[in-house]
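>
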Amino acid sequence: MPNHAKSRINDFVIKLANVNGTGSASANTLLMKAIFRMGIPVTGKNFFPSNIQGLPTWYEIRVSRNGYLARSGSVDIMVAMNQQTYSQDLDEVSPGGTLIYDSTWPRESVISRPDIAIVGIPLARMCNERFKSARVRILMKNMAYVGALAALVDIELKVIEKLVREMFASKKALIESNMEAIALGYDYANEHFACPLPTRLKRLNKTAGHIMIDGNTAAALGCVYAGATVGAWYPITPSTSLMDAFRAFCEEYRKDANTGERNFCVVQAEDELAAIGIVLGAAWNGARAFTPTSGPGLSLMSEFIGFAYFAEVPAVLFDVQRVGPSTGMPTRTQQGDILAAAYASHGDTRHVVLFPGDPRECFELSVAAFDLADRLQTPVIVLSDLDIGMNDWMCREFEWDPAYRPDRGKVLNPKTVARLRGRFHRYVDPDGDGIAPRTIPGGHPKGSYFVRGSGHNRYGEYTEDSNEYVEVVDRLKRKWATAAKLVPEPAIRRTRKPASWGIVSVGSCNSAVNEAIDRLAAKGIHVNYCRIRAFPFSSKVTRFLDRHDYVFVVEQNRDAQLKSLLMVETTYPADRMHSILSYGGLPMDYRCVVEAIEETYLEGVAA
Amino acid sequence: MPNHAKSRINDFVIKLANVNGTGSASANTLLMKAIFRMGIPVTGKNFFPSNIQGLPTWYEIRVSRNGYLARSGSVDIMVAMNQQTYSQDLDEVSPGGTLIYDSTWPRESVISRPDIAIVGIPLARMCNERFKSARVRILMKNMAYVGALAALVDIELKVIEKLVREMFASKKALIESNMEAIALGYDYANEHFACPLPTRLKRLNKTAGHIMIDGNTAAALGCVYAGATVGAWYPITPSTSLMDAFRAFCEEYRKDANTGERNFCVVQAEDELAAIGIVLGAAWNGARAFTPTSGPGLSLMSEFIGFAYFAEVPAVLFDVQRVGPSTGMPTRTQQGDILAAAYASHGDTRHVVLFPGDPRECFELSVAAFDLADRLQTPVIVLSDLDIGMNDWMCREFEWDPAYRPDRGKVLNPKTVARLRGRFHRYVDPDGDGIAPRTIPGGHPKGSYFVRGSGHNRYGEYTEDSNEYVEVVDRLKRKWATAAKLVPEPAIRRTRKPASWGIVSVGSCNSAVNEAIDRLAAKGIHVNYCRIRAFPFSSKVTRFLDRHDYVFVVEQNRDAQLKSLLMVETTYPADRMHSILSYGGLPMDYRCVVEAIEETYLEGVAA
Amino acid sequence: MTSIVKPRIVHHGLSRNRLGLTIRDYEGGMSTLCAGCGHDSVTAAIIQALFELAVPPHRVAKMSGIGCSSKTPAYFLGASHSFNAVHGRMPSIATGAAAANRELYLLGVSGDGDSLSIGLGQFAHAVRRNIDMLYIIENNGVYGLTKGQFSASADIGTAAKRGEVNEQPPIDPVQLTMALGGTFVARSFSGDKDQLVPLIKAGMRHEGFAMIDVLSPCVTFNDHEASTKSYQYTREHSHEVMHTDFVPPMPGIRVAYEEGEVVPITMHDGSRLLLRKVSDDYDPHSRGAAIEYIRTHQRKGEIVTGLLFVDESEPDMHGINSTTGMPLNELGFRSLCPGKRRLASLQRRYR
Amino acid sequence: MTSIVKPRIVHHGLSRNRLGLTIRDYEGGMSTLCAGCGHDSVTAAIIQALFELAVPPHRVAKMSGIGCSSKTPAYFLGASHSFNAVHGRMPSIATGAAAANRELYLLGVSGDGDSLSIGLGQFAHAVRRNIDMLYIIENNGVYGLTKGQFSASADIGTAAKRGEVNEQPPIDPVQLTMALGGTFVARSFSGDKDQLVPLIKAGMRHEGFAMIDVLSPCVTFNDHEASTKSYQYTREHSHEVMHTDFVPPMPGIRVAYEEGEVVPITMHDGSRLLLRKVSDDYDPHSRGAAIEYIRTHQRKGEIVTGLLFVDESEPDMHGINSTTGMPLNELGFRSLCPGKRRLASLQRRYR
Ligand SMILES: Cc1ncc(C[n+]2csc(CCOP(=O)(O)OP(=O)(O)O)c2C)c(N)n1
Ligand SMILES: Cc1ncc(C[n+]2csc(CCOP(=O)(O)OP(=O)(O)O)c2C)c(N)n1
Ligand code: SF4
Ligand code: SF4
Ligand SMILES: [Mg+2]
Ligand SMILES: [Mg+2]
């Protein structure tokens with residue numbers, strides 16, 4: 001076996017090419033978790049088709065002792081389990097890398113490249129010899145490659161075993177067979193190849209205090225912790241798992257053990273128009289309610305979102321973005337709904353948008369979203385994406401402040417209503433912050449009012465009068481100014497050196513940008529970084545812009561939507577913003593940021 | 001009778017305050033048409049409630065020998081037929097003006113203002129004495145005030161009579177009774193007051209070659225002339241009359257007199273999502289198809305609009321804007337859907353938008369919309385509004401070039417397909433303009449392809465591949481650049497004097513802006529004017545901007561949507577654009593433009 | 001400007017209900033519908049029924065979509081909360097309201113356009129979920145508010161009533177709701193207060209989705225000769241010289257008839273409806289028999305009115321969900337938030 | 001990348017239809033559905049039926065929404081035009097296509113999610129308009145593509161099959177279509193090619209809206225023990241250590257039975273369906289009798305299959321509209337544009 005690989009400890013990429021529906025996800029997650037438990041920073045990205053069984057699917061594990069979580073663009077070890085994609089997978093291996101394949105059916109002629117190592121392991125044959133049922137054989141093949149990798153890159157077997165025990169805690173019989181399969185691969189690799197490879201792992205202590213979690217689960221947890229009781233949704237990839245997780249957590253924490261009674265209500269709506277309607281109906285009644293969706297759902301909800309803006313009904317929406325336009329590539333990631341979310345609906349509407357940058361922020365910002373929605377009495381859209389939502393990210397453990405109490409905003413309780421001198425008027429702004437106190441149906445007779453999206457005056461009465469209408473929408477504008485003061489501040493990262501260039505970005509670009517900044521710094525290019533976490537833009541965002549001569553706006557869409565929003569909503573000159581765009585549907589690769597900025601830098605040096 | 005009025009010939013405003021459902025619209029239109037036929041430029045604006053019967057409704061007729069059609073803000077003669085609104089109507093009369101009311105029930109105590117003339121005419125009493133049925137009496141009261149006005153402002157009776165004859169051509173019996181009612185009012189006024197008033201009409205010759213028509217009728221006519229065969233819609237104010245008119249024209253011109261067969265198909269859809277779907281289904285099959293709607297409908301259509309953008313299906317939409325957000329004030333006008341139309345749908349989508357400035361342009365641009373939709377294979381949204389769509393505007397007669405043939409764009413007919421060397425591939429761009437030739441179903445076996453909004457490659461095949469997807473959306477961007485070259489140019493008006501200031505505006509602001517420019521010029525303030533007629537912006541728009549130091553962007557919405565679009569889509573510095581906004585739902589009043597510009601001017605002079 | 005405040009006259013000596021309230025306390029703003037509109041009669045029946053039921057007005061949430069019918073919640077129960085949703089989407093608002101507060105009385109008013117065209121999907125799924133609410137469809141066969149286009153229920157009357165359009169089969173909310181498994185299905189006529197008031201009371205009491213299809217004539221656009229047709233006619237056949245915006249004053253249609261009786265109703269356009277009131281001994285507990293009964297009489301040109309089907313045993317949405325008894329919107333935060341300690345322990349799964 | 005090109009093998013000696021085409025000419029790309037998926041059997045039946053009908057493939061337009069079922073048009077009639085619409089909106093695309101070209105054969109394939117949840121409104125109104133098309137619902141009681149949530153038709157099988165969820169009454173496309181006035185209503189089972197092929201042929205020939213509800217098991221998410229439940233289970237009860245993404249290979253379910261016969265079908269999850277094929281002498285021309293028949297057997301737990309109702313006399317959308325015989329998309333511009341002279345004369349009205 002040729003060995004071109006230079007030693008790369010704790011810094012490489014394993015990519016696994018599988019067939020959808022063969023149970024490989026469990027094996028791949030197991031791999032990633034084992035690395036994580038060895039204290040080594042790791043991330044896993046899943047590239048799966050919009051299909052249930054039979055099509056190609058990939059899983060990319062990046063091991064990075066420096067804690068870089070973005071895609072790096074190189075593949076050091078390819079586990080090629082899908083004959084359909086052999087040649088493509090072969091091409092992708094970086095020079096000096098290794099390709100592992102199932103040599104039950106030898107393919108030496110097809111699979112060969114002089115600059116990489118080819119490792120054939122007869123996974124199917126070994127599993128077929130050892131296991132009887134067809135079903136089990138398919139599954140065990142996956143475990144067998146886990147074993148082989150364990151030997152090749154030196155994953156601690158006891159870590160794997162512990163994971164397997166946890167995995168099958170409820171089906172003990174399976175523990176043994178799985179461990180057997182792992183041993184098959186492990187032993188074969190050890191016997192036939194010089195294990196471990198130079199590209200390998202070595203225990204570190206860098207994952208303590210961290211967890212591996214996906215953003216949808218984290219957001220669901222946020223909903224539970226924020227006290228949401230009503231969830232409504234229509235299934236759509238990649239947002240479905242958010243509601244699945246919410247339900248699961250609620251079954252665990254919100255169900256009476258004795259009576260089986262639930263103190264939550266999840267409604268699988270007939271479509272997205274109904275889902276947002278259910279949220280508005282519940283929120284009008286004072287429940288915290290939310291709906292997860294993706295781009296097409298956001299489009300369908302837009303009439304109702306405008307309604308909620310004008311009638312001032314709180315609502316929390318999660319748009320887990322996938323590739324658009326139109327129905328798009330449902331299993332690919334993008335940040336293409338920024339404008340659609342910010343200005344959803346016809347007429348003069350604008351909405352609070354939050355941009356979590358990782359699962360931890362999905363948790364935190366989903367709690368913030370409920371507080372903001374209640375405080376501002378308006379829809380808040382949490383703009384996540386497939387990469388954050390469905391991939392496992394390593395992040396710091398979530399914290400919870402036991403003193404936290406929901407900010408329900410200006411809600412008059414029945415007693416206060418009873419004490420009101422005059423009548424209750426829904427849209428009167430007593431404090432000048434644009435926010436009018438509301439009441440909850442069923443509370444007190446004096447508190448009743450008429451919610452309508454059609455023209456209403458400050459008293460909540462129907463109107464078609466110009467001045468009355470203008471008064472209401474002008475107040476809404478005032479409320480918008482208040483929103484800018486309440487939303488989460490941007491995350492700012494400053495270089496140690498003085499820098500006149502800045503990067504502005506959002507959401508899942510974060511890992512790529514952070515890595516790029518380090519690598520640029522190594523080349524002597526120093527940039528500051530402002531990760532926007534909310535729209536409207538707070539003054540900190542505009543201050544960041546104003547302090548830099550030149551700003552790179554990094555985002556994952558074709559049309560520079562974040563930059564467009566900055567052009568409309570700040571006074572920063574457009575000709576000082578430069579777009580760095582990545583919109584092919586794969587999680588962002590840090591190199592595109594490095595290259596774009598370096599190029600501009602070199603142009604500047606040359607000029 | 002006091003007479004404070006100074007003589008104002010052919011330059012004043014009559015406002016008629018009525019109760020909805022009492023048949024006043026016919027009388028008011030009659031008045032306006034009579035003035036028009038006297039050769040005097042005139043315009044009529046209808047302010048009606050979202051209601052069928054019983055609520056207040058107003059009609060404002062502006063007579064302007066200079067041909068100004070915008071609202072002027074003053075009311076010289078008020079015809080107060082609605083007791084509910086007496087005091088409000090009284091307040092609105094400009095000093096020196098006249099108020100006419102039905103003195104059957106004298107109201108001298110309520111209706112009095114020292115600075116205006118009050119004219120009481122016992123309309124109800126006279127009609128009750130003359131006519132028997134309750135129904136006829138209600139209707140005739142309206143005719144009686146027409147007669148009174150005829151005497152007071154000197155409308156030629158023979159013009160009125162001719163109109164009445166045309167109106168009731170099919171019900172001759174009514175001609176006499178209507179003329180009788182008119183005579184009642186006419187005679188009473190002549191007997192009791194010094195007729196005509198100083199504020200009055202005098203025949204001119206300024207309406208030859210012009211017609212009075214509303215924009216929806218004009219747009220419908222454009223659809224007929226462009227050869228549209230399929231129309232689908234869900235009724236919504238203020239767009240409904242567009243499809244009503246299309247149907248009526250088609251019944252006249254497109255129905256076989258012998259067989260009764262129709263060569264058009266209008267589908268009243270179950271909602272707007274279905275309406276746009278029907279349009280796409282028809283357009284995919286090569287028919288010219290369209291749907292009229294308003295803001296809420298546009299929101300509901302947005303998923304499908306994005307689909308059409310990506311699948312490249314032509315479609316023509318008319319959004320007759322009403323007040324937003326949400327369901328809004330359906331009977332008031334606004335330009336609030338500019339951003340919603342330009343960027344409709346989630347993902348990276350952008351759409352061709354046309355902005356007619358009057359009914360004549362509704363006609364012309366609706367023909368252009370079909371040509372552009374076919375040429376660019378994409379949705380084209382004609383953004384009209386309630387003011388243009390439902391009010392009668394005086395405009396130059398429409399012209400038709402008999403040599404016109406529809407531009408069906410790149411459609412391969414079955415013969416061409418048959419001759420193709422290789423296979424037909426739907427999304428290959430042979431000419432570099434971003435437009436790929438299409439075929440029509442049913443034509444030729446070789447021409448078949450799969451329309452999908454989900455990821456497809458240049459061949460039209462399903463894909464989830466990054467590069468293939470990027471290739472397609474990059475071509476769509478190329479197509480967008482082509483669109484900018486094909487769309488209608490802006491209308492530019494230059495002052496004779498050198499001007500460093502410009503006005504940019506769209507649609508129904510036109511009359512107000514034109515009048516404002518004249519009035520500013522009279523004050524020595526000279527500005528050029530660019531009325532944008534399409535998005536994407538053609539190079540002529542950017543050139544106009546670049547040639548001016550300072551630009552006022554005049555539009556009818558709160559959020560400066562046109563200005564936002566200019567900020568995003570041109571390089572003109574945002575700090576050199578100043579918004580002039582009018583968003584109360586009434587057609588724009590020229591004075592707000594004059595005042596804003598004058599103020600800036602005076603500031604500049606002072607500085 | 002366009003909303004009219006109704007003079008509030010306190011009548012002494014008005015009878016009072018269990019709560020000590022008079023019928024005035026169940027009224028709302030002045031109607032702005034056309035004189036004689038059937039919807040106003042339904043409003044009156046709702047006021048009467050809720051007064052008799054002695055529901056505290058503030059415990060009722062009124063909901064509607066868009067249309068003349070959907071405006072009516074402004075005309076009754078002025079002291080109740082109300083939600084005027086976007087067109088066709090009231091059922092989802094109701095679903096959310098029910099989810100948040102299972103103790104609120106939910107009363108929805110919709111139109112045939114609102115429920116059978118744009119809102120058909122939401123309507124059907126609210127039925128299927130058995131949301132605990134009363135849902136009244138004020139069915140006039142037209143889109144009143146947008147000036148008289150035919151709705152999907154057009155042609156419920158005599159066969160030839162509206163010319164060619166009757167070739168499209170009407171969607172009958174009663175048969176549709178039966179097919180969707182509705183648990184309370186009734187039909188009435190707006191002018192028949194004797195029947196309507198008890199039906200509304202029964203519907204309010206029903207635990208689950210109660211649908212009452214109320215035939216409610218539109219005096220303005222159902223008027224064949226004077227308006228619908230002439231409206232169409234003006235548009236289609238004559239030169240559009242003038243707008244027609246005249247709504248002749250019309251009286252509402254009233255009717256009173258006995259159980260088991262069949263009466264003809266003459267509509268404003270001269271067409272006739274044959275209403276059959278189910279007789280005293282009609283058993284509304286069999287879905288099959290109800291469907292059979294409705295269809296049999298339909299073949300004879302009769303429209304059956306009354307409580308046609310009811311099933312009190314089906315669980316509503318909360319029953320299916322096993323939701324806790326206390327309204328969700330009243331649960332304290334402590335009972336909802338798993339807290340700091342649990343957060344720490346549950347995160348072990350993600351290591 | 002993810003689309004697989006099917007090897008095209010020319011078999012000599014394959015039988016040819018009237019047009020001289022072999023069955024290969026009616027095939028499409030290779031299916032990417034799960035092995036054993038009922039939808040693949042429907043695809044096969046469509047191929048067979050259209051081959052036998054000898055329809056020129058390019059005269060057929062295939063349409064669908066979104067879902068596993070809606071993907072299937074890629075797997076048959078590769079030489080036909082096709083339109084894969086957004087979720088639930090295929091009926092409106094079909095309506096527009098029919099409007100533009102009345103001579104095209106329209107063949108729509110949808111799922112129970114696509115047609116009965118998000119698409120219910122459009123489906124109902126396509127039925128009501130009697131659009132001339134064949135509309136197949138591949139009904140599996142779940143949302144296959146989004147991984148097995150229950151659809152609105154869930155629980156069509158035995159009563160206890162899916163636990164608590166069967167408290168929500170399923171929407172039955174057959175009864176719904178009957179209630180909406182559908183003119184061709186049939187039901188079949190994906191594995192019953194003998195019944196399905198003739199039904200598809202009849203549906204293609206029907207002039208109006210032909211609906212076939214095809215029970216089409218989802219082998220992956222209907223599998224009680226191995227997948228649906230365990231999928232739920234993993235999510236709800238155990239710590240989410242691992243993703244479950246394993247789809248065990250399954251064979252498709254086949255069945256053959258005679259007219260008038262009742263057969264039990266064992267589904268992948270072990271539950272049973274009782275199918276009853278209408279007998280030879282069943283008369284599908286009475287709507288009332290058909291409803292009665294379906295309901296009677298439903299009470300016995302039987303699902304009736306076959307052509308249940310047909311009415312050839314109702315006009316389709318074009319009949320109602322009196323549309324000209326030539327497809328609208330073929331009319332010459334001259335016959336559509338009134339021309340310069342007429343424009344001048346008609347403008348006199350606006351003076
Ligand atoms: C999304 C949307 N589309 C269209 C409309 C216009 N619209 C208002 S009411 C209405 C129909 C109402 O008909 P129905 O529900 O029968 O009420 P009715 O007026 O007859 O009582 C329509 C189409 C709207 N408000 N919103
Ligand atoms: C607007 C929108 N919402 C949700 C989805 C996600 N989605 C795709 S397929 C599907 C359900 C499909 O179910 P069904 O029609 O029964 O098809 P099956 O897969 O069971 O054959 C859903 C909810 C979508 N594509 N678009
Ligand atoms: S238009 Fe018809 S439905 Fe509307 S208020 Fe008038 S009578 Fe009633
Ligand atoms: S998930 Fe179910 S419906 Fe989808 S392809 Fe697999 S078996 Fe068929
Ligand atoms: Mg109606
Ligand atoms: Mg399904």
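Chains as they are written, first to last, in the numbering used here: chain C, 1 to 607; chain P, 1 to 607; chain R, 1 to 351; chain U, 1 to 351. Think of the CB as a built atom: it goes at the ideal place given N, C-alpha and C, for glycine as much as any other residue. These numbers were taken from a predicted model, which means no experiment stands behind them.
Counting pairs of Cβ atoms below 8 Å between the stretch 106–118 of chain U and the stretch 52–71 of chain U, do you hit three or more?
The stretch 106–118 of chain U, when compared against the stretch 52–71 of chain U, does touch it at the 8 Å Cβ threshold.
> The stretch 78–90 of chain U: which residues have C-beta closer than 9 Å to a C-beta of chain P, in chain order?
Listed by position, the residues of the stretch 78–90 of chain U near chain P (Cβ gap below 9 Å) are G78, A79, S80, H81, S82, F83, N84, A85, V86, H87, G88, R89 and M90.
> Distance, Cα to Cα, P:L520 vs P:V554?
As a working mapping, residue 520 of chain P is identified with position 520 in the second sequence. As a working mapping, residue 554 of chain P is identified with position 554 in the second sequence. Rounded to whole angstroms, P:L520 to P:V554 spans 15 Å at the Cα level.
> Give the single residue among C:P95, C:A232 and C:P238 whose Cα lies nearest to the Cα of C:N46.
The count along the first sequence starts at 1 and reaches residue 46 of chain C at position 46. Considering only alpha carbons, the answer is C:P238.
> P:D319: buried (16+ other C-beta within 10 angstroms of its C-beta) or exposed?
For the purposes of this step, residue 319 of chain P is identified with residue 319 of the second sequence, where counting begins at 1. The residue in question, P:D319, is buried, as its Cβ has 16 or more Cβ neighbours within 10 Å.
> Provide the residue span of the alpha helix (DSSP H) that contains U:H318, from first to last.
What you label residue 318 of chain U is simply residue 318 of the fourth sequence in a count that begins at 1. First-last of the alpha helix (DSSP H) with U:H318: M317 to N321.
> Could you name the residues of the same chain whose beta carbon sits closer than 8 Å to that of C:R475, not counting the 5 residues immediately before and after it, in chain order?
Within the first sequence, residue 475 of chain C is the residue found at index 475, counting from 1. Closer than 8 Å at the Cβ level, and outside the excluded window around C:R475, lie Y427, D429, G434, A436 and R458.
> With 9 Å as the limit, tell me which residues of the stretch 286–298 of chain P have their beta carbon closer than that to any beta carbon of chain R; keep them in chain order.
Taking 9 Å as the Cβ-Cβ cut-off against chain R, the residues of the stretch 286–298 of chain P that qualify are P296.
> Check whether the Cβ of P:V320 lies closer than 6 Å to any heavy atom of ligand 6, and answer yes or no.
On the second sequence, position 320 is the one that residue 320 of chain P refers to. Every heavy atom of ligand 6 is 6 Å or more from the Cβ of P:V320, so no.
> Are the C-beta atoms of P:P441 and some chain U residue less than 7 Å apart?
For the purposes of this step, residue 441 of chain P is taken as residue 441 along the second sequence, with counting starting at 1. Output row for P:P441: interface = yes.
> Please list, in chain order, the chain P residues whose beta carbon lies closer than 7 Å to that of R:T32.
Residue numbering aside, residue 32 of chain R sits at position 32 when the third sequence is read from its first letter. Under the 7 Å cutoff, chain P gives N51, G54 and L55.
> Could you have a look at R:M211 and say whether DSSP puts it in helix, strand or coil?
To locate residue 211 of chain R, count along the third sequence from 1; it is residue 211. Three-state result, R:M211: strand.
> Against R:L120, what residues of chain P qualify as contacts under a CB-to-CB distance less than 9 Å, listed in chain order?
Residue 120 of chain R sits at position 120 when you count from the first residue of the third sequence. Per Cβ cutoff of 9 Å: E270 and D271.
> Hey, is P:H346 close to ligand 2, as in C-beta under 6 Å from one of its heavy atoms?
As a working note, residue 346 of chain P is residue 346 in the second sequence. Incorrect: P:H346 has no Cβ contact closer than 6 Å to ligand 2.
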